[in-house]
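With positions in the sequence shown counted from 1, the corresponding number in this note's numbering is that position plus 642. C-beta atoms are modelled at their ideal positions from N, C-alpha and C, and glycine is treated no differently. For reference, the structure is listed below as structure tokens.
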Amino acid sequence: MHTKEFILAALLIVIVFIFMTTPAICQIRVPVIRANDPLVDIRDGGELRKGQWRISPHLTPDVYKTHAKNEPVTFITDIDSISCVVWTDTPFTFVILFQGKDSALTEVRYEPTYLEVLIAGGPYAKDPARTTIPFLYRSADTPELRSLRSRFALDSVAGHGPDDVRVINILHWVHTTFPHDGTKDAPASSGTGDLMGKCIADSNATVDCGSLATILADCYTALGFRARRIVCLPKDSTDYDCHSINAVYLPGIGRWVWMDPTNDAYVRDEQGQLLGIGDVRQRLIENRPLRLNEDANWNHRSPVTAAHYLYNYMAKNLFALLYYGKTAEGSRPVLLTPASYAGAIPRTRAAAPVCTHDPEVFWGK
């Protein structure tokens, strides 16, 4: 190759290299839409959400998360709109020019549904090193529980039918008698009986879901049932919402059953059998039938539907389960997670729970 040809070839290589590595040349232009009103409607899949989004130029980017897979997501301003189909691993980015001067960098990002996260968590695993964790239940004859049973006429509330009817009757009574408010703590009290008395005396008093589950567990225990408050936890360490419900053991069917006093809720299978927390979790994963009681509700103000309660809210909060076991040495938190999850859920670490992947260890007898 002659010197002139060599120089030309080298120059061509340099030009190609500059072209391939210069962002200003190869950058894809970001779409821009306009808006004068700060509120934006969003059509997410087949659902139109009016005023769902507030334009926020100070966030870079402002991220909208969608569960829509291979379905369009459309942002509709007062004067413009834009649609996109979001891939699971590639977000869609655009700019909203607000009132002709402020640019809001906006990103639409796919996020798995809570049910998908639950399924992806994988199965439990047998723990050959431990067969059980001791759990001591108080006797219904203890002075506190005898007082609870008498003071609040729990025998009359429960009735004299089969055990499943009795525990549902108590569930309804606790749900109706003690209104729920998850935004504030329950009144200060010296124990369950004192808390129940204060709430009944004060028509404005409310309790959080943990206090409700504690009240229900103690009412069941006062009637001779074995019951626990179960804290249901999400996987997401930035999600500080969790939910407390109850597991009560019915000897007649040999099963722990689900009772949620916040939502007056329990769950049955297609044959009408009451299901436990572990049963519901597994049926969600396997897409097997679940029947929520038709009168499930929040504070008798709004109905609770299976679509939201089971397949969304509780699917999120059934990733991990925790209870505070009572042993001869005192209270001891026990945490159940899928085998794929190492260690304790972040929000539980301060309590140093006993961690297990084995549901038989967690539930015991």
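Asked	Found
Cβ of residue 683 within 6 Å of any heavy atom in the ligand MN?	Among the components modelled here there is no ligand, and therefore nothing to report on the ligand MN.
For residue 967, does the count of other Cβ atoms within 10 angstroms reach 16, so buried, or fall short, so exposed?	buried
Check for me: the beta strand (DSSP E) holding residue 718 runs from which residue to which?	714-718
For residue 988 versus residue 879, is the C-beta spacing smaller than 7 Å?	yes
So, at 6 Å on beta carbons, what are the nonlocal neighbours of residue 805 in its own chain, with the 5 sequence-adjacent residues on each side left out?	892, 894
Go to residue 815, then tell me how far its alpha helix (DSSP H) extends in each direction, as first and last residue.	805-819
Could you tell me whether the region 853-870 touches the region 935-949, where touching means 3 or more Cβ pairs closer than 8 Å?	no
Taking the runs of the beta strand (DSSP E) that are 3 residues or longer, which of them lie wholly in the region 733-800?	734-740, 744-752
Taking 8 Å as the limit between beta carbons, can you name the residues of its chain near residue 693, skipping five residues before and five after?	681, 682, 683
Take the Cβ of residue 721 as the centre, count every other Cβ of all protein chains shown within 10 Å, and call the residue buried at 16 or more, exposed below.	exposed
Tell me the DSSP bridge mates of residue 962?	875
Spatial neighbours of residue 912 within its chain, please: C-beta separation below 6 Å, excluding the five flanking residues on both sides.	931
Exposed or buried, what is residue 651 when buried is set at 16 or more other beta-carbons lying within 10 Å of its beta-carbon?	Since pLDDT at residue 651 reaches only 49, below the 50 mark, its modelled position is unreliable, and no value is offered.
So, at 8 Å on beta carbons, what are the nonlocal neighbours of residue 797 in its own chain, with the 5 sequence-adjacent residues on each side left out?	791, 865
For residue 1001, report the span of its alpha helix (DSSP H) as first-last.	1001-1005
Restricting to Cα atoms, I'd like to know which of 842, 920, 992, 942 is closest to residue 888.	920
Counting Cβ pairs, one atom from each stretch, are 3 or more of them under 8 Å apart for the region 768-781 and the region 838-848?	no
Does the region 970-980 come into contact with the region 763-772, if we say contact requires no fewer than three beta-carbon pairs (one atom in each stretch) closer than 8 Å?	yes
With DSSP as the reference, label residue 822 as helix, strand or coil.	strand
Distance check for residue 996 and residue 985, CA to CA, integer angstroms please.	10 Å
For residue 701, is the classification buried or exposed, using 16 other Cβ atoms within 10 angstroms of its Cβ as the cut-off for buried?	exposed
Using only alpha-carbon positions, find the residue among 915, 831, 923 that is nearest to residue 935.	915
Who are the Cβ neighbours of residue 666 in its own chain at under 7 Å, not counting the five residues just before and after it?	Caution applies to residue 666, whose pLDDT of 41 falls short of 50 and renders its modelled position unreliable; the model cannot decide the point.
Can you tell me which of the three DSSP states residue 721 falls into?	coil
Just verifying my parser: in three-state terms, what is the DSSP assignment at residue 908?	coil
Please classify residue 918 as buried or exposed, where buried requires at least 16 neighbouring CB atoms within 10 angstroms.	buried
Give me, in chain order, the residues of the same chain whose beta-carbon lies closer than 7 Å to that of residue 901; leave out the 5 immediate sequence neighbours on both sides.	809, 813, 858, 887, 888, 890, 908
Got a sec? Which residues, its chain only, sit under 7 Å from residue 884 by beta carbon, not counting five neighbours each side?	873, 874, 875, 876, 959
By the three-class DSSP mapping on this structure, what secondary structure does residue 922 have?	helix
Taking just the CA atoms, how far does residue 867 sit from residue 781?	10 Å
Between the C-alpha atoms of residue 1003 and residue 783, what's the straight-line distance to the nearest angstrom?	28 Å
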